[in-house]
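Those protein sequences? They're chains A and B, same order as listed. First residue of the first sequence: 1, per the numbering used here; consecutive thereafter. First residue of the second sequence: 392, per the numbering used here; consecutive thereafter. Have a look at the structure below before the remarks.
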Amino acid sequence: MRRVAIVGAGQTPYGEFPTLGVKELFAWAFKDMLHSVDKGIDPREIQLAYIGSLSAGSGFQLGQLAALLMGHVGLPHVPAIRVENACASGGFALYSAICAVASGKCDIALAGGIEKMRDVSSTKTKYWLGISGDTEFERLAGLTFAGIYALVASRYMHEFGLTREQLAKVAVKNHRHGAMNPKAQFRREITLEMAVAGAPVAYPLNIWDCCPTTDGAAVVLLCSEERAREFTDHPVYIIGYGAGTDYLAVQDRDCITSFKAARMAAQEAYKQAGVKPEDIDFAEVHDCFTIAEVVAYYDLGFCEKGEAGRLLDEEATSLGGRIPVNVSGGLKSKGHPIGATGCGQAYEVFNQLRGQAKNPERQIKNAEIGLSHNVGGSGGTATVFIYRREG
Amino acid sequence: MGAHISIPMYQRAVKQRYRLVGLKCLKCGKINFPPKAGCKYCGNFDQFEEAQLSGKGKVYSYTIIAGAGAPPEFSEEAAYRRFYPVVLVELDEGPRIVAQLVDVEKDQVEIGMPVELVIRRIYTEEDVIRYGYKFRPKKD
Ligand SMILES: [Zn+2]
């Protein structure tokens, strides 16, 4: 397999865009990507595109979305494939595009993701967001994803003594990070007192434990190693990539305080990259709920089982800590336009590794290796990527 | 608007939902519930026999759903009751299943508490009542 580099990445700001449709949002991210290519690129060089989206089929009844979007940016004849793995749609679009370049099928591929979530009522949003679990069982018990993650949180607190305050520290940290990110949806800090006392959603989770609904798009331009230098002297290589899958329903899993799909994806990525968790300088992880970030610390090897609370108490995952997690603000504060999230994480890692985090306050110094982790549903699917700056 | 599942009358033929019938794998001896085409423990595809579960077990984890955490088809119930507990129960026979917990105050719910299965109303959609299993604290 060939080595694959990211030579460009773009992202819309995440938030609410009532005046823009999916085509305009996608074009915004696409244009942002073109501007990021140091030596420029003729978009007609793109040979294949994978675009992640959940609502296209289930919320808005749009078929063939990927071809529709590529046509809008003037590339109607680039083979385009829509990818759907719930909240990991973007991660799986990226995974698929990397595999296509690595295999030699093409030299230049686009991975993207998009979601327009603020156009429908919260009732409809809850309807279609809730269909990515094992609907027949979890939904009939009266659960949405908040409830399913709450089951994970209760069990985690029971087994490992995680406290309500420690959960809240994830939200406080990610809002502090997001406040510095010009592209984040909620650029405001919150206090620990607020985060503990939010309106209840699904005990032990309250409103501050939950990510928002978001409009947004992100795209990543991938290139074979042979051609990467045509476009930049500072490519970012994806040195490890892994994917994992599990039963969708937590009731079918032996362990619910760790996600096997994510552990599988991480192990595969670490093995391929030839690096260990302690070599990772920073990570973008899937914090759709605070407990999801807690679970990710162990799944990615950042701590021993059940030790995530201690990492938070030590502020090891805060900007300036041993392994900063979600300096972008994460899904919690940056926002979570479902299909875009996996590619938006890659956008953040690409910029951090190239020293282009925009705001110097939030630039991680001298980072060489980054990681991103994208989870579908409550651990039904997951991708993990490890990136290294070269040159 | 609810999840598009099969109509309630038809569902009554589904043994797992109304009578808690699982599938015992004849290769590894473990009980799969809900039944699957492939045994989740050993992958066996074709040697099973039906196994009636007792409906008794212990709470493995739980949540208390408040208004904003309820799916749309449960929002009426959430508004009326203000909250409802949902439990992940480990059945005495091994499988875990998720369902609502009834006949309980929210501060009485805890991990490890013994529970038993009851058939109750799940929700009403298009004027048709959907029934299914829930749990209640075990009565001796
Ligand atoms: Zn078996």
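Every residue gets a Cβ at the ideal spot worked out from N, C-alpha and C, and that includes glycine. Nothing here was measured: the structure is a model prediction, and the numbers come from that model.
heavy atom of ligand 1 below 8 Å from residue i C-beta
| i | result |
| --- | --- |
| GLY420 (chain B) | yes |
| TYR247 (chain A) | no |
| ASN366 (chain A) | no |
| GLY413 (chain B) | no |
| CYS604 (chain B) | Outside the shown range of chain B (392 to 531) lies residue 604 (chain B), about which nothing can therefore be said. |
| CYS430 (chain B) | yes |
| CYS416 (chain B) | yes |
Any non-hydrogen atom of ligand 2 closer than 8 Å to residue i Cβ
| i | result |
| --- | --- |
| ASN326 (chain A) | For the structure depicted, ligand 2 is absent and the ligand set comprises only ligand 1. |
Minimum Cβ-Cβ distance from residue i to chain A less than 9 Å
| i | result |
| --- | --- |
| SER521 (chain B) | Checking the displayed sequence, the identity of residue 521 (chain B) turns out to be Arg instead of Ser. ARG521 (chain B) counts as touching chain A. |
| VAL489 (chain B) | yes |
| LYS415 (chain B) | no |
| VAL477 (chain B) | yes |
| ALA470 (chain B) | no |
| LYS497 (chain B) | yes |
| SER466 (chain B) | yes |
| PHE436 (chain B) | no |
| LYS406 (chain B) | no |
| PHE439 (chain B) | no |
| PRO528 (chain B) | no |
| PRO486 (chain B) | yes |
Own chain residues within Cβ distance below 8 Å of residue i, not counting five before or after
| i | result |
| --- | --- |
| VAL172 (chain A) | GLU189, ILE190, THR191, LEU192 and ALA195 |
| VAL506 (chain B) | LYS447, GLY448, LYS449, VAL450, VAL478, VAL480, LEU492, PHE526, ARG527, PRO528 and LYS529 |
| ALA97 (chain A) | LEU48, ALA49, TYR50, ALA109, LEU110, ALA111, VAL220 and LEU222 |
Own chain, CB closer than 7 Å to residue i, minus 5 neighbours either side, in chain order
| i | result |
| --- | --- |
| ASN174 (chain A) | ASP287, ASN326, GLY329, GLY330, LYS332 and SER333 |
| ARG3 (chain A) | GLU225 and TYR237 |
| MET392 (chain B) | Any reading at MET392 (chain B) must be qualified, since the residue scores a pLDDT of 49, below 50, and its modelled position is unreliable; no value is offered. |
| ALA269 (chain A) | GLY240, TYR241, GLY242, VAL384, PHE385 and ILE386 |
| HIS72 (chain A) | LYS23, PHE26 and ALA27 |
| MET1 (chain A) | ALA102 and SER103 |
| LEU396 (chain A) | With chain A running from 1 to 391 in the structure shown, residue 396 (chain A) is simply not present. |
| PHE137 (chain A) | ALA249 and GLN251 |
| LYS431 (chain B) | ASN423 |
Residues near residue i by beta carbon distance below 6 Å, same chain, minus five either side
| i | result |
| --- | --- |
| LEU48 (chain A) | PRO79, ALA100, CYS106 and ALA109 |
| SER318 (chain A) | LYS173 |
| ALA469 (chain B) | GLY458 and ALA461 |
| GLN272 (chain A) | GLY240 |
| VAL152 (chain A) | ILE256 and ILE291 |
| THR19 (chain A) | none |
| VAL495 (chain B) | PRO528 |
| TYR156 (chain A) | LEU162 and THR257 |
| ALA132 (chain A) | In the sequence on display, residue 132 (chain A) carries Ser and not Ala. These residues qualify, in order along the chain: ALA86 and GLY377. |
Within chain B, partners of residue i - CB distance below 9 Å
| i | result |
| --- | --- |
| ARG354 (chain A) | Correct list: empty, because the minimum Cβ distance to chain B is about 40 Å. |
| LEU151 (chain A) | TYR451, SER452, TYR453, THR454, VAL477, VAL478, LEU479 and VAL489 |
9 Å Cβ cutoff, residue i in contact with chain B
| i | result |
| --- | --- |
| ARG155 (chain A) | yes |
| ILE46 (chain A) | no |
| THR317 (chain A) | no |
| GLY10 (chain A) | no |
| ILE392 (chain A) | The shown model of chain A, from 1 to 391, leaves out residue 392 (chain A), and the question about it has no answer. |
| HIS72 (chain A) | no |
| LEU167 (chain A) | no |
| ALA84 (chain A) | Before going on, a small fix: residue 84 (chain A) reads as Glu here, not Ala. Chain B contact via Cβ: absent. |
| LEU54 (chain A) | no |
| ILE81 (chain A) | no |
| PRO204 (chain A) | yes |
| ILE207 (chain A) | yes |
| ILE338 (chain A) | no |
| LEU371 (chain A) | no |
| GLU136 (chain A) | yes |
| ILE364 (chain A) | no |
| ILE280 (chain A) | no |
| ILE256 (chain A) | yes |
Under 7 Å from the C-beta of residue i: neighbouring residues of chain B
| i | result |
| --- | --- |
| LYS126 (chain A) | PRO462 and PRO463 |
| PRO200 (chain A) | ALA457 |
| TYR298 (chain A) | In chain order: nothing, as chain B lies at least about 17 Å away. |
| THR290 (chain A) | Ordered by position in chain B, no residue passes the 7 Å Cβ test against THR290 (chain A), which lies about 14 Å from the chain. |
| GLY147 (chain A) | THR454, ILE456, GLY460 and VAL477 |
Contacts of residue i in chain A (Cβ-Cβ under 9 Å)
| i | result |
| --- | --- |
| LYS431 (chain B) | TYR247 and ASP252 |
| GLY513 (chain B) | Per the sequence shown, the amino acid found at residue 513 (chain B) is Ile instead of Gly. Near ILE513 (chain B) (Cβ distances below 9 Å), the residues of chain A are LEU140, ALA141 and GLY142. |
Interface residues of chain A facing residue i [CB-CB closer than 8 Å]
| i | result |
| --- | --- |
| PRO426 (chain B) | None at all; the shortest Cβ gap to chain A is about 12 Å. |
Within chain B, the residues that residue i reaches when beta carbons sit closer than 8 Å
| i | result |
| --- | --- |
| HIS158 (chain A) | SER452 and ILE502 |
In chain order, which continuous runs of the beta strand (DSSP E) of length 3 or greater are located wholly inside the region 104-140 of chain A?
-> The qualifying runs are 108-116.
Counting only runs that start and end within the region 2-87 of chain A, where is the alpha helix (DSSP H) found for 4 or more residues in a row?
-> Secondary structure remark: continuous alpha helix (DSSP H) runs of at least 4 residues inside the region 2-87 of chain A, in chain order: 22-36, 55-58 and 65-72.
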